[in-house]
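The opening residue of the sequence shown carries number 2 in the numbering used here; numbering runs sequentially from there.
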Amino acid sequence: MESIITVKDLKKYYGKGEGRIKALDGVNLEIEKGKFTAVTGSSGSGKTTLFNMIGGLDYPDSGSVTVDGIELQGMRERQLAVFRRSKIGFIYQSYNLIPSLTVQENILFSVNLGKQAVDWVFFQEITGFLKLDKRLNDYPHQLSGGGQQRVGIARALMLKSGIVLADEPTGNLDSRTSQEVLGLLKSAADTYRQTLVMITHNPDIAQMADRVVRMEDGKILERVGRQDGK
Ligand SMILES: Nc1ncnc2c1ncn2[C@@H]1O[C@H](COP(=O)(O)OP(=O)(O)OP(=O)(O)O)[C@@H](O)[C@H]1O
Numbered sequence: 002m003e004s005i006i007t008v009k010d011l012k013k014y015y016g017k018g019e020g021r022i023k024a025l026d027g028v029n030l031e032i033e034k035g036k037f038t039a040v041t042g043s044s045g046s047g048k049t050t051l052f053n054m055i056g057g058l059d060y061p062d063s064g065s066v067t068v069d070g071i072e073l074q075g076m077r078e079r080q081l082a083v084f085r086r087s088k089i090g091f092i093y094q095s096y097n098l099i100p101s102l103t104v105q106e107n108i109l110f111s112v113n114l115g116k117q118a119v120d121w122v123f124f125q126e127i128t129g130f131l132k133l134d135k136r137l138n139d140y141p142h143q144l145s146g147g148g149q150q151r152v153g154i155a156r157a158l159m160l161k162s163g164i165v166l167a168d169e170p171t172g173n174l175d176s177r178t179s180q181e182v183l184g185l186l187k188s189a190a191d192t193y194r195q196t197l198v199m200i201t202h203n204p205d206i207a208q209m210a211d212r213v214v215r216m217e218d219g220k221i222l223e224r225v226g227r228q229d230g231k
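Okay, here's the thing in structure tokens:
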């Protein structure tokens with residue numbers, strides 16, 4: 002298998018002494034390029050901490066993270082910011098759209114932030130795919146929750162970074178809308194050959210993944226799915 006993300010013996014502890022919390026307690030993980038990996042586990046098991054490390058949003062105490070050949074350890078905040086802007090499309094539960102910008106401006110926000118040229122053909126394709134092409138001049142509040150998350154997905158895909166990290170992307174949506182949005186995200190990731198890593202509590206969503214990684218107490222418990230044992 003071709004790994005795009007490699008995590009080695011990653012540790013992150015909070016606090017000291019008796020009350021020390023082992024948020025990540027020696028995590029090893031290989032994420033296969035172009036696949037959909039779901040990260041599950043109970044609340045407090047370390048999913049968000051792992052997500053933040055892979056996304057270059059936080060520093061581990063020890064261990065290493067390599068993303069698309071880039072080793073994150075030792076990077077300074079400025080370098081990490083450039084890494085995040087160019088390499089990762091982030092999708093959040095709360096959509097993180099900018100209310101004063103139109104749908105189109107929100108979709109182009111990350112590309113513009115990274116001073117990349119806009120690929121308008123790709124923009125049209127993505128917005129058509131995500132059924133946003135008639136909503137481009139609207140503002141986020143004029144869209145339903147599912148619509149707003151489709152904007153979040155479009156913004157992540159527009160970066161063409163190859164890696165999309167999603168943290169409970171359908172956590173604020175009802176189950177029917179969740180299924181619809183997830184179906185779109187999964188097929189968009191397939192169509193545009195994106196590696197999708199998604200944190201989710203929802204077993205139905207995890208079932209849609211190529212592989213499920215389960216966390217408990219800062220460790221990876223088991224890995225099931227198509228790439229079992231790899
Ligand atoms: N900044 C922090 N300071 C202290 N403890 C923290 C901090 N961030 C996380 N933790 C602790 O680290 C552990 C792992 O947290 P994390 O948020 O990664 O879990 P999670 O699996 O994402 O949980 P949830 O599903 O509830 O979001 C938890 O015990 C949490 O309380």
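Ideal placement from N, C-alpha and C gives every residue a C-beta, glycine not left out.
*Where K34 and G129 are concerned, what is the direct C-alpha to C-alpha distance, given to the nearest angstrom?*
25 Å
_Extent of the continuous beta strand (DSSP E) run through T196_ = T196 to I200
*Under 8 Å between the Cβ atoms of K220 and V28?*
For K220 and V28, yes; Cβs fall inside 8 Å.
*Confirm the yes/no value for this check: CB of T49, any heavy atom of ligand 1, distance under 7 Å.*
yes
*Closer than 7 Å by C-beta to A155: which residues in its own chain qualify, once you throw out the five before and the five after it? Chain order, please.*
I108, I127, T128, L131 and L133
*In the structure shown, what three-state DSSP assignment does E106 receive?*
Three-state result, E106: helix.
*Tell me whether Y96 is buried or exposed, calling it buried when 16 or more other Cβ atoms sit within 10 Å of its Cβ.*
Burial is judged here by how many other beta carbons sit within 10 angstroms of a residue's own beta carbon; Y96 has at least 16 and is buried.
*Are D26 and D191 closer than 8 Å when you measure CB to CB?*
no
*So is Y96 in contact with chain D if we call contact Cβ pairs under 8 Å?*
Judged by its chain identifiers, the structure shown contains no chain D, having just a single protein chain.
*What's the gap between the Cα of D10 and the Cα of E31?*
12 Å
*Could you check where the beta strand (DSSP E) with E33 kicks off and where it finishes?*
I22 to E33
*May I have the straight-line CA-CA distance separating S43 from N203, to the nearest angstrom?*
10 Å
*How about the stretch 167-180 and the stretch 81-95: do they share at least three Cβ pairs that are nearer than 8 Å?*
yes
*Starting from T38, follow its DSSP beta bridges and name the residues at the other end.*
V198 and R212
_When you measure from the CB of Y237 to every non-hydrogen atom of ligand 1, does any distance come out below 7 Å?_
Because the chain spans 2 through 231 in this model, residue 237 falls outside it and cannot be assessed.
*Is S46 near ligand 1, with its Cβ less than 7 Å from a heavy atom?*
Yes, ligand 1 has a heavy atom inside 7 Å of this Cβ.
*Which residue's Cα is closest to the Cα of Q149: K161, V182 and G163?*
V182
*CB-CB under 8 Å to P100, same chain, minus the five flanking residues each way: which ones, in chain order?*
Y140, P141 and H142
*For the candidate residues K13, S145 and K36, whose alpha-carbon lies nearest to that of L98?*
S145
*Expressed to the nearest angstrom, what Euclidean distance is found between the alpha-carbon atoms of A207 and V198?*
Going by the C-alpha atoms only, they are around 11 Å apart.
_Going by DSSP, what residue range makes up the alpha helix (DSSP H) through S188?_
Here the alpha helix (DSSP H) through S188 covers S176 to T192.
*Within this structure, are the beta carbons of G151 and L185 separated by less than 8 Å?*
Before going on, a small fix: residue 151 reads as Arg here, not Gly. Contact flag set, yes.
*Grab the span of the alpha helix (DSSP H) containing I154 for me, first residue to last.*
G146 to M159
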